[in-house]
Structures are given as structure tokens and as C-alpha cells.
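Using the numbering used here, read the sequence shown as starting at 447 and increasing by one per residue. Using N, Cα and C, we set each Cβ at its ideal position, and we do this for glycine too. Being a predicted model, the structure only gives us computed values, none of them experimental.
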Amino acid sequence: MSLEKKIKRVTVPSIIKMKERHEPIAMLTAYDALMADLVDRSGIDIILVGDSAGMVMGGFENTLSVSMEDMLFYTKSVRRGVNRALLVADMPFMSYQTGLEDAVRNAGRFLQEAGAEAVKLEGGKPVSDIIYRLTDIGIPVMGHLGLTPQSIHQLGGYGVQGKEDALATRLKEDALLLQDAGVFSLVLEKIPATLAADITQSLHIPTIGIGAGNSCDGQVLVTHDMLGLYDKFKPKFVRRYAELGKNLLDAVAHYIEDVKNKDFPNEHESY
Ligand code: KIV
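And the structure:
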């Protein structure tokens, strides 16, 4: 038997149990093995390979340009860094909206080729059949309602969703529908805190909020946002836990100065 302490891995059933135990769920994103390893070792419950990778890593303006091949590459990299957290991969735009067969094939690729343990996809009623089919064949699915960035052109921007009564009612109906279809958890993005609280109370599966107040069963942030690495814009819901972008700029400026002044390398750094 190995002398190393056996790691207790986070699983889909253990995430559902966390809601039953009223234990908050902490989720963050990662797109590469280095970041995944650091975040995993910190004790995070879920690592999401978000399609936000398109903006953070790819430099695209939104998430629509990310392809299946991009997401598989990011997910495979993250897999190599994760030992404990549950690994969820985001299904990119047009990898499931084109029909059941495409959705099954592409979701299957995340589990079979990239080692993901679940997939996440955006939307309510229009994708409920897809979720039903995926969960029926053993592919765990995390839902995503509220601000769904893959519908950015239809939504007309990144504003708060569900402020009007009719939209709030539809969001709640969609949440119940997704639960019936089989999702094991549900991301609620940028909706009023009271609506998120109401949805959270109505469901037996955990909700994971981003800009959805403090009553959700868990919270998610984009790691590069909370570390201050991605500074193109900062939504109100992001709390900065570090200013690594500023540290990096200072460090690089210092290095350039040392090289220009012939101060680096010194005799201890030479052979
Ligand atoms: O793509 C992403 O990172 C996400 C999270 C913000 C939930 O979907």
C-alpha cells in the first residue's frame, strides 16, 4: 500500500450531499495544468474549465469563438493538474445547440478524451431535452441560467437578468425544468439576490452563484478575475483576493531595468 495519504476526491454525489449538509461549495475556473494544480492544492471543491478561456486565454472579445478543439485542449491540460476537485468542462457555443447527436458526441469527448467528470451547458427549456439525454446515459450535467454569455447578442449585453417579474418567473420555471431533466447543480449568473435565494430554496440540487448574492449553495469566480490577472473590466460581483497583474508588471519592469543596467545576472547567477 502506498505511504502517501489517499486523497478523497470530490464527486458528483458528494457535491449534492454538500447542499444537504448546508456546506457551501467553492468553485473556480482553470485553463492550464499549472493554475489547476495550485487551485486544486488550495482545496477547491470544483474546477471549471470555462469557455471564458476564450476571453482570458484566447484574447477574444466574447466566448462565442471558442471551439470544441480549444476546449478539449484546455480540459486535457487542466486534468493533468487536478487530483482532488471535481472537474467540469464547459460545452462551447455550437457544440450542443445543433442537436442531440452533436451534444452527446461532444459531451462524450470531454469525458472520454479529456478526463472531465461532468459538462456544463447554458440555457433553460430549449436545452432540457439535451440535458435529459446526457444524464440518462451517465454524463453528469451542470446547468447555467441567468446571464448566459453564449446568448450575448440576443441579450444585448452583460446586464443583470430576471429583474422583471415575467423573466424572474421564467428563470424559476427553467431552474425546476433543468432539475427535472437531471442536472446535478446549477450556475446562476448575474440575477437579483432575492430571485437566486428563491430558486435555491425551491431546488434540491445545489445552486452556484456568480453575481447572484449570498444565498446560493456555492459561489464561482473566474480565477484570473479574483487574482487580479484579468483587468480588462471588473464586474461588481468580483472580489479581488490578489493583485497578481500589478505584481507581474512590477516584476517584469524590474527585470528589464536589471538587464538594461547590466545588473542581471550577477556572479552568483553565473557559472
Ligand atoms: O465560462 C465560465 O468561466 C463560466 C463561469 C463564469 C461560470 O461559465
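Placement of the Cβ of residue 664 at a distance of 6 Å or more from every heavy atom of the ligand KIV is found. At least one heavy atom of the ligand KIV sits closer than 6 Å to the Cβ of residue 656.
Boundaries of the beta strand (DSSP E) harbouring residue 653: 653-656, taken from the DSSP string. Taking 6 Å as the cut-off, one finds at least one heavy atom of the ligand KIV near enough to the beta carbon of residue 497. For the 7 Å CB-CB criterion, residue 651 and residue 625 form a contact. Every alpha helix (DSSP H) of 4 residues or more that sits fully in the region 507-564 is shown, in chain order, as 514-525 and 546-558. C-alpha of residue 621 to C-alpha of residue 678: approximately 31 Å in a straight line. For residue 588, the beta-bridge partners assigned by DSSP are 566 and 631.
Distances between the C-beta of residue 521 and the heavy atoms of the ligand KIV are all 6 Å or more.
Taking C-beta atoms as the reference points, residue 486 and residue 529 count as a pair closer than 7 Å. Contact check for residue 629 against residue 577 passes: the beta carbons are separated by less than 7 Å. Counting along the chain, the unbroken alpha helix (DSSP H) around residue 500 starts and ends at 499-502. In the structure shown, residue 472 falls within a strand segment according to DSSP collapsed to helix, strand and coil.
Of the candidates 491, 704, 467 and 464, 491 places its Cα closest to the Cα of residue 474. Annotated as proximal: residue 570 and residue 591, with beta-carbon spacing under 7 Å.
With respect to the C-alpha of residue 634, the residue from 656, 582 and 697 having the closest C-alpha is 656. Closest by C-alpha distance to residue 680, out of 671, 687 and 584, is 671.
Beta bridge pairing from DSSP links residue 667 with 474.
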